[in-house]
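Report on one structure; see the data block that follows.
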Amino acid sequence: MPDYEAVIGLEVHVQLKTRSKIFCGCPTTFGAEPNTSVCPVCLGLPGSLPVLNETALRYSILTGIMLGSTISSFSKFDRKNYFYPDLPKNYQISQYDLPLCVGGELEIEFEGKRKRIGITRVHLEEDAGKLVHAEVEGEDSGVDFNRTGVPLLEIVSEPEISSPEEAFAYLKGLKLTLQYLGVSDCDMEKGSLRCDANVSVRPRGEKLLGVKVEVKNMNSFRAVQKALAYEIERQNRAIAEGQRIVQETRLWEAESEMTHPMRSKEEAHDYRYFPEPDLVPVMVDHALQEVLRASLPEAPLKRRDRLVAQYALPEYDVEVLTSERELADYFEACVTAGAEPKAASNLIMGEMLRLLKERALTLEGCKITPKHIVEILALVSSGAITGTTGKEVFAEMFETGKRPGEIVHSGGLAQISDQAELDRLADEVIAKNTKSVEDYRSGKAKAIGFLVGQVMKATKGKANPQMVNEILKKKLEKDSSKR
Amino acid sequence: MAITRKDVEYVARLARIQLSEEEKEQFTAQLTRIVEYVAKLKELDTENVEPTAHVLPLRNVMRPDEVRPSIDRDSVLKLAPKAAEGFYKVPQVIE
Numbered sequence: 033m034p035d036y037e038a039v040i041g042l043e044v045h046v047q048l049k050t051r052s053k054i055f056c057g058c059p060t061t062f063g064a065e066p067n068t069s070v071c072p073v074c075l076g077l078p079g080s081l082p083v084l085n086e087t088a089l090r091y092s093i094l095t096g097i098m099l100g101s102t103i104s105s106f107s108k109f110d111r112k113n114y115f116y117p118d119l120p121k122n123y124q125i126s127q128y129d130l131p132l133c134v135g136g137e138l139e140i141e142f143e144g145k146r147k148r149i150g151i152t153r154v155h156l157e158e159d160a161g162k163l164v165h166a167e168v169e170g171e172d173s174g175v176d177f178n179r180t181g182v183p184l185l186e187i188v189s190e191p192e193i194s195s196p197e198e199a200f201a202y203l204k205g206l207k208l209t210l211q212y213l214g215v216s217d218c219d220m221e222k223g224s225l226r227c228d229a230n231v232s233v234r235p236r237g238e239k240l241l242g243v244k245v246e247v248k249n250m251n252s253f254r255a256v257q258k259a260l261a262y263e264i265e266r267q268n269r270a271i272a273e274g275q276r277i278v279q280e281t282r283l284w285e286a287e288s289e290m291t292h293p294m295r296s297k298e299e300a301h302d303y304r305y306f307p308e309p310d311l312v313p314v315m316v317d318h319a320l321q322e323v324l325r326a327s328l329p330e331a332p333l334k335r336r337d338r339l340v341a342q343y344a345l346p347e348y349d350v351e352v353l354t355s356e357r358e359l360a361d362y363f364e365a366c367v368t369a370g371a372e373p374k375a376a377s378n379l380i381m382g383e384m385l386r387l388l389k390e391r392a393l394t395l396e397g398c399k400i401t402p403k404h405i406v407e408i409l410a411l412v413s414s415g416a417i418t419g420t421t422g423k424e425v426f427a428e429m430f431e432t433g434k435r436p437g438e439i440v441h442s443g444g445l446a447q448i449s450d451q452a453e454l455d456r457l458a459d460e461v462i463a464k465n466t467k468s469v470e471d472y473r474s475g476k477a478k479a480i481g482f483l484v485g486q487v488m489k490a491t492k493g494k495a496n497p498q499m500v501n502e503i504l505k506k507k508l509e510k511d512s513s514k515r
Numbered sequence: 019m020a021i022t023r024k025d026v027e028y029v030a031r032l033a034r035i036q037l038s039e040e041e042k043e044q045f046t047a048q049l050t051r052i053v054e055y056v057a058k059l060k061e062l063d064t065e066n067v068e069p070t071a072h073v074l075p076l077r078n079v080m081r082p083d084e085v086r087p088s089i090d091r092d093s094v095l096k097l098a099p100k101a102a103e104g105f106y107k108v109p110q111v112i113e
């Protein structure tokens, strides 16, 4: 059997993070009650007219620029006609021959190596509704049109991906890029990122592409990887057995970990595209492109390279720090404010991420500012507090947003070993707890435990317990002898 | 260009409509006449004419990304042939 290689192209749909739908003002909120985010436009009721959401267009152009696409100066929408119950108009507004962005590439990292995967096109379209089967009684299916009209960006790659693992790396890279841009959440669980794959095999070195099979219904990046691995194996085996590959659409089944041909209801792929008469064409001028280009963030991989070079950090640190744009921004703000890079990185990757994860919080709502980080690192490095105390201070800082110096100084966490301070506290406790004082004096030695506890409580556990014990004893003995 | 009976059957299937034998006959003739009429345009020299994407001379009609109230679910579902539990109901769809 000759050596075969796989050829993979990915078609990714991402929901754009707009507040309202692409052609109407209905909200795009995920998880709303069925059919409550609908209006005549997204339901396709007669007489309604779509109007393009400006932000959806800007996000699309931003993505195109980031991917190095050519932004079409003239673009239009088209109707893609087909019947399906999740499509109220019986056509989807999409883009056919004049997509918004053409060409481009995405740089990915795979097994420590960089590779550029070509982008064929990026276009804007509307999402369809959702069919539910389980939540409706009886034989019928239910239709929820909340998602109908949510803006989708379709990003089509060139067939330049050569393994399931590389497909995984591409998806990871694309997701991170879109998240850096802030145009999509790319949350596969919420369906804000979906991926279909085209895969074929051919003898290694062959120029012509083999017959391609479209694989759908993968609900995670891992599922895409698994489905592709299965499909490549299936095709290789079929060829080895002398069978021919049929061009078809197959569905991935997560449970059996196999693909099965779609039971197509005469899969007539005749969409009869024609220009959408309800929407006028879009012209993107140079000025808008330049404005958007100026707001472009640094690409994730570029930022990784720069952080390694600029701050002499280990690859691992940088990979963690750049896994979210906000995290990388935060780290760099700390360094700019004066923190030593490696120390800041340790603190952020350790305590910070641990606490955020524990509380299921994001950096956005975090009370610790880069200035706090600089200060606490200085306190630890100067020996003013130990590393262990540093962690406690950090935790308090995380809760209250107080400056670390303030936390330490106000005795918040530093052990109180000050004689005068403890004397004063002991006097207060003795004055307030006459019953326990009497008990102790009448021979109940254990009663002192309660009094110590009261001092500890008053100092939130920061008092030196041994000293408190001695001070209290001394005071109680002295007073009783005086009597 | 003559429309064949096969064309009519194909288009009818795409449009999910059932045609009687008589109608197929009738539409084959009618559609042929329509297509022939439109074919007159071929006589024009369009060498230097830009393809028309839209008949209106407008471009870039957009709205800001602002949420506007949706409409009441009950009033919407009332229009459907079948609805229950907040959903439109359709014959079972299983892929």
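Chains as they are written, first to last, in my numbering: chain A, 33 to 515; chain B, 19 to 113. C-beta atoms are modelled at their ideal positions from N, C-alpha and C, and glycine is treated no differently. It should be emphasised that the depicted structure is a prediction, and the values quoted were computed from it without experimental measurement.
- Burial check for B:V108: the Cβ neighbour count within 10 Å reaches 16 or more, so the residue is buried.
- A:D172 carries a coil assignment under DSSP once its states are collapsed to helix, strand and coil.
- Burial state of A:T432 is exposed, judged by a 10 Å Cβ sphere holding fewer than 16 other Cβ atoms.
- Annotation: A:L225 to A:H45 spans about 6 angstroms, alpha carbon to alpha carbon.
- The straight-line gap separating the alpha-carbon atoms of A:V340 and A:I149 is approximately 24 angstroms.
- The DSSP-derived three-state label of A:Y472 is helix.
- A distance below 8 angstroms separates the beta carbons of A:Q486 and A:V461.
- With 16 or more other Cβ atoms from the protein chains shown falling within 10 Å of its own Cβ, A:E198 counts as buried.
- The C-beta of B:F105 comes closer than 8 angstroms to at least one C-beta of chain A.
- Distance from the CA atom of A:T466 to the CA atom of A:E509, rounded to whole angstroms, is 14 angstroms.
- Across the structure, A:F482 and A:S468 are spaced so that their CA atoms are roughly 7 angstroms apart.
- Taking C-beta atoms as the reference points, A:C56 and A:P82 count as a pair closer than 8 angstroms.
- In terms of Cα proximity to A:S194, the closest of A:Y36, A:T401, A:A477, A:Y362 is A:Y36.
- Excluding five sequence positions before and after A:F115, the CB atoms of its chain that fall closer than 7 angstroms to its own CB belong to N122, given in chain order.
- Segment contact: the segment 100 to 116 of chain A against the segment 309 to 329 of chain A, three or more CB-CB distances shorter than 8 angstroms; contact assigned.
- Residue-level contact by beta carbon fails for A:E141 and chain B, as no gap is shorter than 8 angstroms.
- By the CB criterion at 8 angstroms, A:V231 and A:E186 fall outside the cutoff.
- Here the alpha carbons of A:G214 and A:V367 stand approximately 24 angstroms from one another.
- Under the 8 angstroms criterion on CB atoms, A:C133 is classed as non-interfacial with respect to chain B.
- At a cut-off of 8 angstroms between beta-carbon atoms, A:E65 makes contact with chain B.
- Taking C-beta atoms as the reference points, A:I97 and A:Q279 fail to come closer than 8 angstroms.
- When 9 angstroms is used as the limit between beta carbons, A:P117 is near these residues of chain B: Y106, V108, P109, V111, in chain order.
- Remark: fewer than three beta-carbon pairs, one from each stretch, lie closer than 8 angstroms, so the segment 60 to 67 of chain A and the segment 277 to 292 of chain A are not flagged as touching.
- For A:M294, the secondary structure class from DSSP, reduced to helix, strand or coil, is coil.
- Rounded to whole angstroms, the gap between the alpha carbons of A:P309 and A:N268 is 46 angstroms.
- Around the CB of A:R236, fewer than 16 other CB atoms lie within 10 Å, so the residue is classed as exposed.
- Inter-segment contact for the segment 238 to 252 of chain A and the segment 373 to 389 of chain A is absent: fewer than three beta-carbon pairs are separated by less than 8 angstroms.
- In chain order, S88, R91 make up the part of chain B whose C-beta sits under 7 angstroms from the C-beta of A:T68.
- Look at A:C227 here: in three-state DSSP terms it is strand.
- In this structure the segment 136 to 145 of chain A does not touch the segment 67 to 84 of chain B; the number of beta carbon pairs closer than 8 angstroms is below three.
- Cβ contact annotation for A:Y91 (same chain, cutoff 6 angstroms, sequence separation greater than five): L48, V215, in chain order.
- C-alpha of B:Q48 to C-alpha of B:T22: approximately 11 angstroms in a straight line.
- The beta-carbon distance between A:G422 and A:I408, rounded to whole angstroms, is 6 angstroms. This is short enough to meet the 8 angstroms contact definition.
- The segment 64 to 79 of chain A makes contact with the segment 86 to 95 of chain B: 3 or more CB pairs, one atom from each, lie closer than 8 angstroms.
- Neighbours of A:K258 in chain B, taken as residues whose beta carbon is under 7 angstroms from its own, are absent, since the nearest beta carbon is some 20 angstroms off.
- Between A:T102 and chain B, the shortest Cβ-Cβ separation is not below 8 angstroms.
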